[in-house]
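Worksheet: one structure, shown below.
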DNA sequence: ACCTGAACACCGTTCAAGT
DNA sequence: ACCTGAACACCGTTCAAGT
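Residue numbers (our numbering), protein chains in the order written: chain A, 260 to 471; chain B, 260 to 471.
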């Protein structure tokens, strides 16, 4: 059939199909991806340079979905705003937890991702975080969210109860709800702990610099 | 030459050689690994079931190195103890940051890893964390450390200064030290924020439950 | 401009043969 | 028990040919 009158493929269509494969099976191959699009593997190279660019397109797709919800809610203040930003970022990954391992070693430059960090920087400044501390704080929040997202990709039983000889740890594992519920509760606790610390950091820093 | 009088290979030797390849190049292939051991690829299968088991052996190797330093220092109290545990875990990965992306999808059962969580559970209990909160807290700390470790595997320039239109974010990126120094400073800040929160959590919880 | 089909080098893994 | 060499199916990628 050679060239169709209208293109069968596009970068977003390819990324969506790849995401569906990863959601279902944890990974994708060029052959399976082409198959699911009703096309030959070599056709994909008319739209992207290769597998790596497909992964990049998937990440952009996921984060753009998350960014949509960002401005939609009324917010009571900067602390609440930071909470919402962090939650929405984690939830974007929570919808497709299995791409996380594919996406971890990368350079951030996609506009959709950058906007997320810009909003975060703004709200942290309103909260009172000093300029020279800003990127350290962003890095901490990034670590927490990425680690929490990673936790979502983990198996339901993160810790094997039978492989410990500690009664204390075994009991804690047994008492905790499984999988997603534990992950969600823990993330909210993490937000409480870190944001509590941030508010105090902002307060003490501004008290110290009030004579400037 | 067929079978040698003494085995040329062993699981630890294979894991070490694979780790050297990953440290140098970010990944390994069975062919390159066999080559670096002076052996044919098929020989590896006499010692492990396949590539996946090699990755597992590498993780165990890295975490055992980190666990060695664990009990060696005198400690002033449980908060300091928790700090040391978290630091040593992150530092184990910091020595081989490039394995982190290979190792992120989990099932914790290796004894070396379990001992780390046992010690953490003990010290958190001494600190005053309630039993029913224990696994949530461990999950938060796990997220922070894993996220911070992931940050170590990232390129020197995590954020591309030129791809943002926010003057605030651009200035923060420009002002921050590059690569490892930013990552280290941010991790220490993360420890301060979370542990501060944990101490307050322990205090308020024990105050609330004092009438039990 | 965009899909195809054949061909490429390379990948992880299996297994009978050898000592 | 442990290394070898040949063979396997599969992988991502290239490119001349077709419209």
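For each residue, glycine too, the CB sits at the ideal point set by N, CA and C.
What residues in its chain sit with their C-beta under 7 Å from that of residue i, if we drop five residues either side in the sequence?
{"i": "residue 449 (chain A)", "result": "403, 407"}
{"i": "residue 362 (chain B)", "result": "314, 318"}
{"i": "residue 282 (chain B)", "result": "355, 357"}
{"i": "residue 360 (chain A)", "result": "412"}
{"i": "residue 471 (chain A)", "result": "Residue placement at residue 471 (chain A) cannot be trusted, given a pLDDT of 39 that sits under 50; the coordinates are not used to answer."}
{"i": "residue 347 (chain B)", "result": "325, 328, 329"}
{"i": "residue 293 (chain B)", "result": "299, 300, 302, 303"}
{"i": "residue 374 (chain A)", "result": "326"}
{"i": "residue 446 (chain A)", "result": "349, 407"}
{"i": "residue 345 (chain B)", "result": "400, 404, 450"}
Note down, in chain order, each residue of its chain lying with its Cβ closer than 8 Å to the Cβ of residue i, except the 5 sequence neighbours on either side.
{"i": "residue 267 (chain A)", "result": "296, 297, 298, 302"}
{"i": "residue 353 (chain A)", "result": "408, 411"}
{"i": "residue 433 (chain B)", "result": "420"}
{"i": "residue 386 (chain A)", "result": "337, 338, 341, 457, 458, 461"}
{"i": "residue 437 (chain A)", "result": "415, 416"}
{"i": "residue 271 (chain B)", "result": "316, 320"}
{"i": "residue 454 (chain B)", "result": "338, 341, 342"}
{"i": "residue 469 (chain A)", "result": "A caution first: residue 469 (chain A) carries a pLDDT of 45, below 50, which makes its placement in the model too unreliable to give a value."}
{"i": "residue 307 (chain A)", "result": "270, 273, 313, 316"}
Give the residues of chain B in contact with residue i, contact being defined as C-beta atoms less than 9 Å apart.
{"i": "residue 451 (chain A)", "result": "456, 460"}
Starting from residue i, find everything on chain B with Cβ-Cβ shorter than 7 Å and list it in chain order.
{"i": "residue 435 (chain A)", "result": "394"}
{"i": "residue 444 (chain A)", "result": "395"}
{"i": "residue 427 (chain A)", "result": "380, 381, 384"}
Give the interface partners of residue i over in chain A, defined as CB-CB distance under 9 Å, in chain order.
{"i": "residue 441 (chain B)", "result": "394, 395, 398"}
{"i": "residue 472 (chain B)", "result": "Within the shown structure, residues of chain B are numbered from 260 to 471, placing residue 472 (chain B) beyond reach of any answer."}
{"i": "residue 303 (chain B)", "result": "Within 9 Å Cβ-Cβ: nothing; residue 303 (chain B) doesn't reach chain A, min ~23 Å."}
Keeping to the same chain, check which residues put their C-beta closer than 6 Å to that of residue i; ignore five residues upstream and five downstream.
{"i": "residue 274 (chain A)", "result": "316, 317, 320"}
{"i": "residue 429 (chain A)", "result": "420, 423"}
{"i": "residue 349 (chain A)", "result": "404, 407, 408"}
{"i": "residue 442 (chain B)", "result": "410, 411"}
{"i": "residue 287 (chain B)", "result": "277, 280, 281"}
{"i": "residue 333 (chain A)", "result": "none"}
Note down, in chain order, every chain B residue with its Cβ under 8 Å from the Cβ of residue i.
{"i": "residue 406 (chain A)", "result": "401, 402, 403, 404, 405, 406, 407, 409"}
{"i": "residue 431 (chain A)", "result": "380, 390, 393, 394, 397"}
{"i": "residue 337 (chain A)", "result": "Per Cβ cutoff of 8 Å: no residues; residue 337 (chain A) is ~14 Å from chain B at best."}
{"i": "residue 423 (chain A)", "result": "373, 376, 377"}
{"i": "residue 370 (chain A)", "result": "422"}
{"i": "residue 307 (chain A)", "result": "Here the premise fails: no neighbours, minimum Cβ distance about 20 Å."}
For a contact defined as C-beta to C-beta under 7 Å, what are the partners of residue i on chain A?
{"i": "residue 278 (chain B)", "result": "What residue 278 (chain B) touches in chain A: nothing, since even the nearest Cβ is about 17 Å away."}
{"i": "residue 268 (chain B)", "result": "Those do not exist, as residue 268 (chain B) stays about 27 Å from chain A at its closest Cβ, beyond 7 Å."}
Using 8 Å for Cβ pairs, my map puts residue i next to residue j. What's the rounded Cβ distance?
{"i": "residue 276 (chain B)", "j": "residue 357 (chain B)", "result": "No, residue 276 (chain B) and residue 357 (chain B) are not in contact; Cβ-Cβ is about 15 Å, not under 8 Å."}
{"i": "residue 339 (chain A)", "j": "residue 458 (chain A)", "result": "Their Cβ separation, rounded to whole angstroms, is 12 Å, which puts residue 339 (chain A) and residue 458 (chain A) out of contact at 8 Å."}
{"i": "residue 342 (chain B)", "j": "residue 395 (chain A)", "result": "Wrong, their Cβ atoms sit about 17 Å apart, outside the cutoff."}
{"i": "residue 290 (chain B)", "j": "residue 322 (chain B)", "result": "Actually they are not in contact, since the Cβ atoms of residue 290 (chain B) and residue 322 (chain B) sit about 27 Å apart, beyond 8 Å."}
{"i": "residue 393 (chain B)", "j": "residue 431 (chain A)", "result": "4 Å"}
{"i": "residue 417 (chain A)", "j": "residue 452 (chain B)", "result": "So it is not a contact: roughly 23 Å between Cβ atoms."}
{"i": "residue 280 (chain A)", "j": "residue 384 (chain B)", "result": "Not quite, the Cβ-Cβ distance comes to about 44 Å (not below 8 Å), so this is no contact."}
{"i": "residue 380 (chain A)", "j": "residue 464 (chain A)", "result": "Contact flag wrong, Cβ pair sits at about 16 Å."}
{"i": "residue 269 (chain A)", "j": "residue 377 (chain B)", "result": "Not a contact, Cβ separation roughly 52 Å."}
Under 7 Å: does the beta carbon of residue i sit that close to some heavy atom of the ligand SAH?
{"i": "residue 412 (chain A)", "result": "The ligand SAH is absent from the structure shown, which contains no ligand whatsoever."}
* Quick one, which residues of the stretch 373–387 of chain A are near chain B if we go by CB-CB under 8 Å, in chain order? -> Going along the stretch 373–387 of chain A in chain order, one finds 373, 376, 377, 380, 381, 384 with a Cβ nearer than 8 Å to chain B.
* To do: Could you name the residues of the stretch 316–329 of chain A whose beta carbon sits closer than 7 Å to any beta carbon of chain B, in the order they occur along the chain?
  => Within the stretch 316–329 of chain A, no residue has a Cβ that lies closer than 7 Å to any Cβ of chain B.
* **Residues from the stretch 287–299 of chain A in contact with chain B, defined by Cβ distance under 7 Å** => The stretch 287–299 of chain A vs chain B, Cβ under 7 Å: nothing.
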